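Student: Protein sequences, first through last, are from chains A and B.
Adding 303 to a residue's 1-based position in the first sequence gives its number in this note's numbering.
Adding 718 to a residue's 1-based position in the second sequence gives its number in this note's numbering.
Where a beta carbon is used, it is the ideal one built from N, C-alpha and C, also for glycine.
Keep in mind the model is a prediction, meaning the values are calculated, not measured.
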Amino acid sequence: MSTLDTPAPAVATGKPAGRTAPRRPGTRRGEMSRGGALGSHGILITASLVALFPVAWLVFLSLGPDKDDYLRPGGIWGKMTLDNYVFVLQNTNFFDWLKSSLIVSLGTTVIGVLVAATTGYAVSRMRFPGYKKFMWVLLVTQMFPVAVLMVPMYQILSDLQLIDTYFGLILVYCSTAVPYCAWLMKGYFDTIPFEIDEAGRVDGLSPFGTFLRLILPLAKPGLAVAAFYSFITAFGEVAFATTFMLDDERYTLAVGLQSFVSEHDAQRHLMAATAVLIAIPVSAFFYLVQKNLVAGLTAGGTKG
Amino acid sequence: MTVAIDRATGKRSGDRPPRPGPGRLKRAYQKHWYAFAMIVPVVVVLGVLVLYPLAYGFYLTLTDANSLNSARTIGVNEIEATYKFIGLDNYADILWGETSYDRFWSHFIWTIVWTAACVGLHYTIGLGLALLLNQKLRGRTFYRLILILPWAVPTFVTVFGWRFMLADSGIINSGLESLGLPTPLWLEDTFWQRFAAIMVNTWCGVPFMMVSLLGGLQSIDGTLYEAAEMDGATAWQRFRHVTLPGLRSVSSTVVLLGVIWTFNQFAVIFLLFGNTAPDAQILVTWAYYLGFGQQPRDFAQSAAYGMLLLAVLIVFTSFYRRWLNRNEQQLAI
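(1) Is the shortest distance between the beta-carbon of L899(B) and the beta-carbons of chain A less than 8 angstroms?
(2) For R327(A), does the three-state DSSP call read helix, strand or coil?
(3) Quick check on the DSSP output: what are the complete alpha helix (DSSP H) runs of length 4 or more inside the region 910-978 of chain B, in order along the chain?
(4) Consider the Cβ of A502(A): report whether some Cβ of chain B lies at a distance smaller than 8 angstroms.
(5) Starting from the Cα of Y381(A), find the closest Cα among V389(A), V505(A), Y388(A), G367(A) and give me that residue.
(6) Would you call the region 931-939 of chain B in contact with the region 956-969 of chain B, where contact means no fewer than 3 C-beta pairs closer than 8 angstroms?
(7) Which value, in whole angstroms, describes the spacing of the CA atoms of D551(A) and T412(A)?
(8) If you run the structure through DSSP and keep just helix, strand and coil, what is I473(A)?
(9) Can you pull the chain B residues whose beta carbon is under 9 angstroms from the beta carbon of T421(A), in chain order?
(10) Please confirm if S913(B) has its CB atom under 8 angstroms from at least one CB of chain A.
(11) Mind reading off the beta-carbon distance from A1021(B) to V358(A)? Whole number of angstroms is fine, and I expect it under 8 angstroms.
(12) The region 979-993 of chain B: which residues have C-beta closer than 8 angstroms to a C-beta of chain A, in chain order?
(13) Starting from the C-beta of G539(A), find all residues in its chain whose C-beta is less than 7 angstroms away, skip the five residues before and the five after it, and write them out in chain order.
(14) I want to see whether chain A comes within less than 8 angstroms of V712(B), judged by CB atoms only; does it?
(15) Quick one: Cα of P328(A) to Cα of G338(A), how far?
(16) Write down every uninterrupted run of the alpha helix (DSSP H) in the region 376-447 of chain A whose length is 4 residues or greater and which is fully enclosed by it, in chain order.
(17) Can you list, in chain order, the stretches of the alpha helix (DSSP H) that have 4 or more residues and sit fully within the region 452-519 of chain A?
(18) Rounded to the nearest angstrom, what separates R326(A) and W954(B) at their Cα positions?
(19) Cutting at 8 angstroms between CB atoms, please list the residues of its own chain near F988(B), excluding the five before and the five after it.
(20) Under three-state DSSP, which class holds F754(B)?
(21) Excluding the 5 residues preceding and the 5 following A544(A) in the sequence, name in chain order all residues of the same chain whose CB lies nearer than 6 angstroms to its CB.
(22) Does the beta carbon of A1005(B) come closer than 8 angstroms to any beta carbon on chain A?
(23) Tell me which residues share the same chain as Q458(A) and place their Cβ nearer than 8 angstroms to its Cβ, disregarding the 5 neighbours each side in the sequence.
(24) Check this for me: beta carbons of I581(A) and L560(A), under 8 angstroms apart or not?
(25) Return the residues of the region 788-812 of chain B that lie within a Cβ-Cβ distance of less than 8 angstroms from chain A, sorted by chain order.
(26) With distances taken Cα to Cα, identify the nearest neighbour of D811(B) among T781(B), N787(B), I830(B).
(27) Is it right to say Q1019(B) is buried, meaning 16 or more other beta carbons lie within 10 angstroms of its own, or is it exposed?
(28) When the cut-off is 8 angstroms and only beta carbons count, does G424(A) lie next to chain B?
(29) Quick check on H750(B) - is its C-beta less than 8 angstroms from some C-beta in chain A?
(30) Suppose the cutoff is 6 angstroms on Cβ atoms and the five residues either side in sequence are ignored; what does the same chain contact list for A726(B) look like?
(31) Find the residues of chain B that neighbour W360(A), judging by a C-beta separation of less than 8 angstroms, and give them in chain order.
(32) Along chain B, in chain order, which residues have C-beta atoms closer than 8 angstroms to that of I581(A)?
(33) Between L894(B) and P902(B), what straight-line distance do the alpha-carbon atoms span, to the nearest angstrom?
(34) Measuring CA to CA, which of Q999(B), G888(B), I804(B), G933(B) is closest to D372(A)?
(35) Mind listing the chain A neighbours of T1021(B)? Cutoff is C-beta to C-beta under 7 angstroms, in chain order.
(36) Which one or two residues does DSSP pair with I797(B) in a beta bridge?
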């Protein structure tokens, strides 16, 4: 969203205003005194350092070859090496974990978006009996704590022999992804003018035809945001993945990363390297789409 | 989870549900059949994946199921479930049974403190940064890109970064020591565990608030500020009477979201402490510990905690909505 980079307060254009209420130089609307600017920069730089440091520290530690280097960070400067990365890529299940993560997250995303699209449209445009109750159910479903569904899901999936399968995990994630995609897409459909629907209906399209031929093509950015959120949520999920995936070839990245630290041994240098390997593509992707994401937020839908 | 502003309501006042009368169901069906057809996929999915497990989970809370008496398969032997129905005993035991303070109420209080502290910090810091970023300032875009980094990197990655930093002789304690300050045992001492958890979660959650509030700030009409200035309003008065009211609808949404997420926050505490810190567990992670982190696994109690958590959230959301409605705020969830 481009408006994010333009200052909101419009600069006063009317000269008369300036004359009737003369101001000190340098304090026109939208501008600041020198001290104010310095203070702002100071705070923002501090905040940026705080935001940056833990991630930078992780990158730095990942370059140290020894598992206890995190206790003696000074020593890393002398012996920086990429060996940890080489080791992680060659000798661990990193690629299996990546594959699991991708299968599960993409599966959830596709199912979530496909199943929820028509519903998002219906609740955006139509008022049917039971509308309010339905919306309430959608909302409540999204705030389920993990603890509510975990036990029964575990039992049900065990009965169905779906524990430790990708499909089982996708099903679990869909329980939150579907209602949440429906909400998000409703928010986006709401921004598409009703006149378009009406024009379509006048021209003889059925409600489904309107949706498929007119609205859906217009809603592509909204679908993309919903897909992105589902993906990120599924990718970063910890509780269900930790409990339901037992075989370490089917771990998702979130589980695999934990497996470096056990009660007996902590391979922190490898863990740091893996963490960086995960963080780079994900954050790159995040930065690529973040403008759309902000547009999605301000269009009325917010992430869950 | 998501919250959308309900623009459609009120715009199409002609689409009210039909009045009660004979053949109402049939007429409703004829008029709305395509709406129903469109929501069918989600209804089916919710029914199978949410309502059925929820009902089953509720049934489990009325039993004494644990991992020793549930149906399970060991090798080739299939063992039948032998747990029995015990009514509401689980709830009674959790809420006012022996040692219920240590098992439930202490975690409950800590969860409330945790939620209030985290959301308060998220909102204040997020608003402060959003206000700074909303000025004409060199390098704003650059600052913004760096400041959303904690949101861009998955939580399960950054929490481990914090764990390295908070370790006994990690960088934070080394830094504090070189400054001559006390070096708390961040990951062992209960108070400091809680402190660390709030700190890490604040770090993770501020960017979302900041970005949302920045979007809200930019949608405030600039002429309002001009008018206020013309009337001689000070900076504080402009903030108090223009900025804050202008942010009301965004704020009430993000605060609700923040409360729900923080209340349900699993990853931060689970990954920071694992099962080592019983006193720093909020209710969600504690319920997980009961059901999956110990042997034998206590499924019934864990599910009962889950139900109680959900009840707390639903009650809170209902009151919050009612409170918003009373203040005539234009926000619909």
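Tutor: To lay it out plainly:
(1) By this cut-off, L899(B) is not an interface position.
(2) At R327(A), the pLDDT of 47 sits below 50, so the modelled position is not reliable and the matter cannot be decided from this model.
(3) Listed in chain order, the alpha helix (DSSP H) elements of length 4 or more contained wholly in the region 910-978 of chain B are 940-948, 953-956.
(4) Not one chain B Cβ lies under 8 angstroms of A502(A).
(5) The sequence as given places Gly at residue 381(A); Tyr does not occur at that position. Scanning V389(A), V505(A), Y388(A), G367(A) for the CA closest to the CA of G381(A) turns up G367(A).
(6) Three or more pairs of CB atoms, one per stretch, sit closer than 8 angstroms, so the region 931-939 of chain B contacts the region 956-969 of chain B.
(7) Cα atoms of D551(A) and T412(A): separation of roughly 23 angstroms, rounded to the nearest angstrom.
(8) Note: I473(A) maps to helix in three-state DSSP.
(9) At a beta-carbon threshold of 9 angstroms, the residues of chain B lying near T421(A) are A755, M756, I757, V758, P759, V760, ordered along the chain.
(10) Residue identity differs from the one stated: residue 913(B) is Phe in this sequence, not Ser. Not an interface residue.
(11) Actually they do not touch by this definition, with Cβ atoms about 37 angstroms apart.
(12) If the cut-off is 8 angstroms between Cβ atoms, the region 979-993 of chain B has W979, F981, N982, F984, A985, F988, L989 near chain A.
(13) Excluding positions up to five away in sequence, the list reads A557.
(14) Nothing about residue 712(B) can be read from this structure; chain B reaches only from 719 to 1051.
(15) Unreliable placement is indicated for P328(A), whose pLDDT of 47 sits below 50; no coordinate value is reported for it.
(16) Segments of the alpha helix (DSSP H) lying fully in the region 376-447 of chain A: 386-394, 397-428, 434-445.
(17) Runs of the alpha helix (DSSP H) lying entirely within the region 452-519 of chain A, each at least 4 residues long, are 469-492, 497-505 in chain order.
(18) With a pLDDT of 46 at R326(A), under the threshold of 50, the predicted position of this residue should be treated as unreliable, though the coordinate-derived value follows. The straight-line gap from Cα to Cα measures roughly 18 angstroms.
(19) If we look at F988(B) and ignore the five residues flanking it on each side, its Cβ neighbours are T1003, Y1006.
(20) Helix at F754(B).
(21) Excluding sequence neighbours, A544(A) sits near T555, A557, V558.
(22) So, interface residue.
(23) Within the same chain, and ignoring the five residues on either side of Q458(A) in sequence, no residue has its Cβ closer than 8 angstroms to its Cβ.
(24) Yes, Cβ-Cβ distance for I581(A) and L560(A) is below 8 angstroms.
(25) So the list reads S788, A789, R790, given in the order they occur along the chain.
(26) Comparing Cα positions, the closest option is T781(B).
(27) That one is buried.
(28) A small correction: the amino acid at residue 424(A) is Tyr; Gly does not occupy that position in the sequence shown. Chain B, which has a Cβ nearer than 8 angstroms to the Cβ of Y424(A), makes this yes.
(29) True, the Cβ-Cβ gap to chain A drops below 8 angstroms.
(30) Bear in mind that the predicted position of A726(B) carries a pLDDT of just 39, short of 50, making it unreliable; the figure below should be weighed with that in mind. If you ignore the 5 residues before and after A726(B), its C-beta comes within less than 6 angstroms of no other C-beta in its own chain.
(31) The answer, in chain order, is G879, F882, M883, I889.
(32) Under the 8 angstroms cutoff, chain B gives P872, V875.
(33) Using only the alpha carbons, I get a separation of about 9 angstroms.
(34) Selection Q999(B), G888(B), I804(B), G933(B) evaluated against D372(A) yields G888(B) as nearest (Cα-Cα).
(35) Residue identity check: residue 1021(B) is Ala in the sequence provided, not Thr. Near A1021(B) (Cβ distances below 7 angstroms), the residues of chain A are V454, P455.
(36) Note: I797(B) sits in a beta bridge opposite R790(B).
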